[in-house]
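Chemist: Quick note on numbering: the sequence shown equals residues -20 to -1, 1 to 121 in mature numbering (1 follows the signal peptide of the UniProt record, and there is no 0). Don't be surprised by glycine CBs; every beta carbon is placed ideally from N, CA and C.
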Amino acid sequence: MTRPWILLVLLAGLAGCATTPVPVSNADIVPKSRLETGYAQFKAQTPGFIKVTFVRDAGFNGAGRSVVLAIDGTNIAQIRTSESVVIYLAPGSHIFAVAPTPQAGDALVERSFIIGTEDPRFFRISLGSGGFVVQPSTKLQ
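(1) Determine the extent of the beta strand (DSSP E) in which phenylalanine 34 is found, giving its start and end residues.
(2) What's the call for isoleucine 105, buried or exposed, on a 16-neighbour Cβ count within 10 Å?
(3) Taking the Cβ atom as the reference point for each residue, do glycine 53 and valine 89 lie within a distance shorter than 7 angstroms?
(4) If we count the other Cβ atoms within 10 Å of its Cβ and call it buried at 16 or more, is residue 126 buried or exposed?
(5) By how many angstroms is the C-alpha of proline 100 removed from the C-alpha of glutamine 121?
(6) DSSP beta-bridge partners for glutamate 63?
(7) Might you give, ordered along the chain, the residues of its own chain that have their beta carbon closer than 6 angstroms to the beta carbon of valine 10, omitting 5 neighbours on each side?
(8) Would you report the Cα separation of isoleucine 30 and arginine 45, rounded to the nearest angstrom?
(9) Taking buried to mean at least 16 other C-beta atoms within 10 Å of its own C-beta, is glycine 39 buried or exposed?
(10) Rounded to the nearest angstrom, what separates residue 130 and isoleucine 67 at their Cα positions?
(11) Can you have a look at isoleucine 94 and say buried or exposed, based on whether 16 or more other CB atoms are within 10 angstroms of its CB?
(12) List the whole-angstrom C-beta distance separating valine 47 from proline 80, where the pair is believed to meet the contact cut-off of C-beta under 8 angstroms.
(13) Since threonine 81 sits in a beta bridge, which residues does DSSP pair it with?
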């Protein structure tokens, strides 16, 4: 009799760990109070720059903490689950980084991306087995 309950509890725990993409239309915008000072240099719609949208996944795992998004070493915003932030980047190579706040021993995760001159780009911030990651997505539009 106790085995089914144990299995049910384990399955519920695993389901709670999953994060799922949030379409931009369903995401809340990061409030101004959690935009970092570095956001100012990326918020202008400069001619030739590409619109880049970041959306943090929904889900219970990691929901209690914000993640700090940084672009090329400059902190942009503290993002909570189901929130988005839009910036404008010059075409070229950029390093995107995310780290939970407070860090509590979690590592900063950085990835390099090439931003071309094509359509706007969408990235999701999700929690995987190695911590928070930024990854391109076609599922957010």
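Modeler: The short version:
(1) Residue 34 sits at position 54 when you count from the first residue of the sequence shown. Taken as a continuous stretch (DSSP letters only), the beta strand (DSSP E) holding phenylalanine 34 covers 30 to 36.
(2) Taking the first residue of the sequence shown as 1, we reach residue 105 at position 125. Result: buried.
(3) Looking up residue 53 in the sequence shown gives position 73. Looking up residue 89 in the sequence shown gives position 109. Cβ distance not < 7 angstroms, so glycine 53 and valine 89 don't count as in contact.
(4) Summary: the structure shown does not reach residue 126, with the chain confined to residues -20 through 121, and so no result is reported for it.
(5) For the purposes of this step, residue 121 is identified with residue 141 of the sequence shown, where counting begins at 1. For the purposes of this step, residue 100 is identified with residue 120 of the sequence shown, where counting begins at 1. The straight-line gap from Cα to Cα measures roughly 10 angstroms.
(6) The residue you call residue 63 lines up with position 83 of the sequence shown. The partner list for glutamate 63 (beta bridge, DSSP) reads Asp8.
(7) Against the sequence shown, residue 10 aligns to sequence position 30. Here the set comprises Ala57, Ile59, Glu63 and Val65.
(8) Along the sequence shown, one-based indexing puts residue 30 at 50. Along the sequence shown, one-based indexing puts residue 45 at 65. Their Cα atoms are separated by approximately 29 angstroms.
(9) On the sequence shown, residue 39 is found 59 positions in, with the first residue counted as 1. Result: buried.
(10) Look at the range of the chain in this structure, -20 to 121, and you will see that residue 130 is not part of it.
(11) For the purposes of this step, residue 94 is taken as the residue at position 114 of the sequence shown. Its Cβ having fewer than 16 others within 10 Å, isoleucine 94 is exposed.
(12) The residue you call residue 47 lines up with position 67 of the sequence shown. The residue you call residue 80 lines up with position 100 of the sequence shown. Right, their Cβ atoms sit about 5 angstroms apart.
(13) Sequence index remark: in the sequence shown, residue 81 carries index 101 (1-based). Ser46.
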